[in-house]
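Below you'll find the structure, written out as structure tokens, and then a few comments.
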Amino acid sequence: LGKPIFLKDRLYDIMDPPPGVVAGLAYNQIGGSMIWIESVITGSTEPSHGNADKEKSQNLQMSRYRTTGKLGDVMKESAEISYTYAKTLCHSVQKNNTFFERTNIHTHFPEGAIPKDGPSAGCAIVTSLLSLMFDRSIDSSIAMTGEITLTGKVLPVGGIKEKIMAAKRCGIKRVFLPEPNKRDFEELPEGLKGGIAVEYVDHYTSIYKSLFSERQSALGAAFMSHSRYFTGTRVS
Amino acid sequence: LGKPIFLKDRLYDIMDPPPGVVAGLAYNQIGGSMIWIESVITGSTEPSHGNADKEKSQNLQMSRYRTTGKLGDVMKESAEISYTYAKTLCHSVQKNNTFFERTNIHTHFPEGAIPKDGPSAGCAIVTSLLSLMFDRSIDSSIAMTGEITLTGKVLPVGGIKEKIMAAKRCGIKRVFLPEPNKRDFEELPEGLKGGIAVEYVDHYTSIYKSLFSERQSALGAAFMSHSRYFTGTRVS
Amino acid sequence: LGKPIFLKDRLYDIMDPPPGVVAGLAYNQIGGSMIWIESVITGSTEPSHGNADKEKSQNLQMSRYRTTGKLGDVMKESAEISYTYAKTLCHSVQKNNTFFERTNIHTHFPEGAIPKDGPSAGCAIVTSLLSLMFDRSIDSSIAMTGEITLTGKVLPVGGIKEKIMAAKRCGIKRVFLPEPNKRDFEELPEGLKGGIAVEYVDHYTSIYKSLFSERQSALGAAFMSHSRYFTGTRVS
């Protein structure tokens, strides 16, 4: 395949990634590459003892979301959109789940000195945030690309050929692509398509069902496990 | 070796540095140099009298992290990433340790008028923050270079030759390098490599084990000792 | 000596300066000049009526430091570094002194329309803040120049010749210079050096000892005297 394997391509391929880590797919003039997304909890806005409703409401509005990784304006907004959608989805599947209200989250896109931009990491950012919330690792042989809207619709992206080449080079076995990119994939040479299982998605809920819904019962437990980060706090 | 020794190279070489001070390695077109990192506690978010749980929870989220030293955007983000990772590591080794939630920290990179940028000080910034938290000096004959990700992975950096030359010039005896930079070091002339003990690291936990883990029992004591900064406060 | 005396040069030379006012030394392409530093208390974070512990703890973290004077980025950061160091020094000499936690401070560098930049006023800014805290005037025949680091080390600065010329022109009798600038001063013509007493400093504690330490017993009194600014407050 002639192409060098960049460090970022193999960043997590030799270990089970921690929850919050998801592989996206990027491309530019010189080709495609993996783009790893790392989300971690940086703090809690939780009151120590939940007696005052007032506190609760005050704290609820103080959770913060931060991004780093030399992002361009479009990608910064994409992360904001993904964060809002992840929170909305969280509320729709578990109306009492206040994980996003109670935690400060930081998402980083290594490597820190490489400029990144564009909206196509949207689905992967949502997945990174949900992986963090569920405290479940996403198999590092899965990758995804797709812009997301504020209601969860998945929009098509560019560079399908370059992205699939990068995915194969890095040992990816399963890829989520936007439904409108179906023809782009099907037009690829057989040799390139082989060995990659593709799922086309029109709305993020399809990704959610594939990766998280069978584990929904784990939500309560996972959420509780986060409480270990929050000294002296209890999750109500 | 013909090169002048800049002030910043020998900033801390004649004294035991205070906790929070760590030597990094930088380079640019004109060669390598030491980059000293100074972190200090600037205040506490702790309530003066611990009767109100409410205060506590409100304060926990208000700790602030500030950086100075004419940093470029990538280095500012690198410090944010390092701060988040240091906090995560702190919680993983001592789940009840709320040092980072309770303290405001200021990290400065002298000299103040010299522009600095890039992600390669990540490991050294994390070490500076942990040195401050543990209240333990880092031997000034130790230096390190390496980008860090939000989960603690160590990424390779440029300028290994220039950085090692600077390290030798300044009396550094022990250097932490990213594992992927192993070949860069091994290709250096024997005369340059001699006298420097190198440890290759793939994840920050290796640096942590080398510098801090045998001292873990000191953590509680160190944390208490910080309480001297916080007039009228008690550490629970 | 043929050079015009600028307004800023003689700003405070005809009266005992108020506490918080200190003379620094600046230079640019057209020569050296005095740079006066004025720090004043702008408010208190102290609760008006000391009944609520809650207020107190909330306020402690809200003290603010502001600078004006058309400062460049490096000088703004230099003021932040100086402020952090002054606070640290305050805590190390009087562990119960919460002056910096309880007061909002504003430092101005007249004249307001003249751009200023660089790190070399660091020592003078620290001195201005300590003068304010101790409520003691600094003799206006004293001037100083020197970059400061976050731990109080004093770094060399440029323009020693121009700065000493400005100092003499303005009647300065005593100058603090960074130790590494010793040669710069000694190389000056005898006629320029005459009449100026120089103290070389490697760390800010030397300036502290010269200007404040014999007055340390005054600290409690000085601190109490500030309480007049804080309507209805009590100093614990």
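Protein chains in written order, with my numbering: chain B, 1 to 236; chain E, 1001 to 1236; chain U, 2001 to 2236. Ideal placement from N, C-alpha and C gives every residue a C-beta, glycine not left out.
Next on the checklist: Let me check one thing: in DSSP terms, what residues is L2025(U) bridge-paired to?
Outcome noted: M2034(U)
Next on the checklist: Rounding to the nearest angstrom, what Cα-Cα distance links A1197(E) and R1174(E) in this structure?
Outcome noted: 5 Å
Item to check | Per DSSP, the bridge partner or partners of P156(B) | outcome: Its beta-bridge partners do not exist; DSSP assigns none.
Next on the checklist: Give me the chain U residues within the contact set of A1113(E), using Cβ-Cβ distance strictly less than 7 Å, ordered along the chain.
Outcome noted: V2074, G2118, P2119
Next on the checklist: So, with DSSP's three-state summary, where would you put G2122(U)?
Outcome noted: helix
Checklist entry - With 16 as the cutoff for other CB atoms within 10 Å, does T2042(U) come out buried or exposed? => result exposed
Checklist entry - Between E1111(E) and G1069(E), what straight-line distance do the alpha-carbon atoms span, to the nearest angstrom? => result 7 Å
Checklist entry - Going by Cα to Cα distance, which pick from G2194(U), G2191(U), T2151(U), I2142(U) is closest to L2177(U)? => result I2142(U)
Checklist entry - If you run the structure through DSSP and keep just helix, strand and coil, what is F1972(U)? => result Lying before the first or after the last residue shown, residue 1972(U) is absent from chain U, which here runs from 2001 to 2236.
Checklist entry - At a cut-off of 7 Å, is L1132(E) close to the ligand HEM when judged by its beta-carbon and the heavy atoms of the ligand? => result The ligand HEM is absent from the structure shown, which contains no ligand whatsoever.
Next on the checklist: Buried or exposed for G151(B), going by 16 or more other Cβ atoms inside 10 Å?
Outcome noted: Sequence inspection shows Thr at residue 151(B); the Gly mentioned does not correspond to that position. Under this definition T151(B) is an exposed residue.
Checklist entry - Going along the chain, which residues of the segment 1154–1165 of chain E sit with their C-beta nearer than 8 Å to a C-beta in chain B? => result L1155, P1156
Next on the checklist: For the segment 1129–1152 of chain E, list every residue whose C-beta sits within 8 Å of some C-beta in chain B, in sequence order.
Outcome noted: E1147, T1149, L1150, T1151
Checklist entry - Terminal residues of the continuous beta strand (DSSP E) containing Y1204(E)? => result Element bounds for Y1204(E): not the beta strand (DSSP E) but the alpha helix (DSSP H), 1204–1211.
Checklist entry - Just the Cα atoms here: how many angstroms apart are V74(B) and A1079(E)? => result 23 Å
Checklist entry - Could one say the Cβ of H91(B) lies closer than 8 Å to chain E's Cβ atoms, at least one of them? => result no
Checklist entry - Taking 8 Å as the CB-CB cut-off, is K87(B) touching chain E? => result no
Checklist entry - Ordered along the chain, which non-local residues of its own chain (more than five positions away) have a Cβ less than 7 Å from that of P1004(E)? => result Reliability fails at P1004(E), whose pLDDT of 43 lies under 50, so the model's placement of it is uncertain and the value that follows must be treated cautiously. Same-chain partners within the cutoff: there are none.
Checklist entry - H108(B) and I1081(E) look like a contact to me (Cβ under 8 Å); what is the Cβ gap, rounded to whole Å? => result 5 Å
Checklist entry - So is T127(B) in contact with chain E if we call contact Cβ pairs under 8 Å? => result no
Item to check | Inter-residue spacing [alpha-carbon to alpha-carbon] between F99(B) and M133(B) | outcome: 7 Å
Checklist entry - Just how far apart, CA to CA, sit D136(B) and R1169(E)? => result According to the sequence provided, residue 136(B) is Arg. The question's Asp does not apply to it. Their backbone Cα atoms lie some 48 Å apart in a straight line.
Item to check | P19(B), buried or exposed, once every other Cβ within 10 Å from all chains shown has been counted against 16 | outcome: buried
Next on the checklist: Quick check on E2179(U) - is its C-beta less than 8 Å from some C-beta in chain E?
Outcome noted: no
Checklist entry - Using a beta-carbon distance below 8 Å, is E38(B) in contact with chain E? => result yes
Item to check | Element boundaries [alpha helix (DSSP H), containing F185(B)] | outcome: 182–186
Next on the checklist: If you reduce the DSSP assignment to three classes, tell me which class E1111(E) lands in.
Outcome noted: coil
Item to check | Assigned exposure category for A1086(E) - 16 Cβ within 10 Å defines buried | outcome: buried
Item to check | Listed by chain order, chain A residues near I2081(U) by CB distance under 7 Å | outcome: The structure shown contains no chain A; its protein chains are B, E and U.
Next on the checklist: On a Cα-Cα basis, can you pick out the residue from I125(B), V154(B), Q94(B) that is closest to I105(B)?
Outcome noted: I125(B)
Item to check | Beta-bridge pairing of P178(B) - partner residues as DSSP gives them | outcome: V201(B)
Next on the checklist: Measuring straight from C-alpha to C-alpha, what distance separates P2017(U) and N1096(E)?
Outcome noted: 50 Å
Next on the checklist: Quick check on this structure: which residue in S131(B), L211(B), L129(B), H203(B) has the alpha carbon closest to the alpha carbon of K153(B)?
Outcome noted: H203(B)
Checklist entry - According to the Cβ coordinates, are L11(B) and W36(B) closer than 8 Å? => result yes
Checklist entry - Looking at chain E, which residues of the segment 15–27 of chain B have a Cβ within less than 7 Å of any of its Cβ atoms? => result P18, V21
Checklist entry - Is the CB of G171(B) under 8 Å away from at least one CB in chain E? => result no
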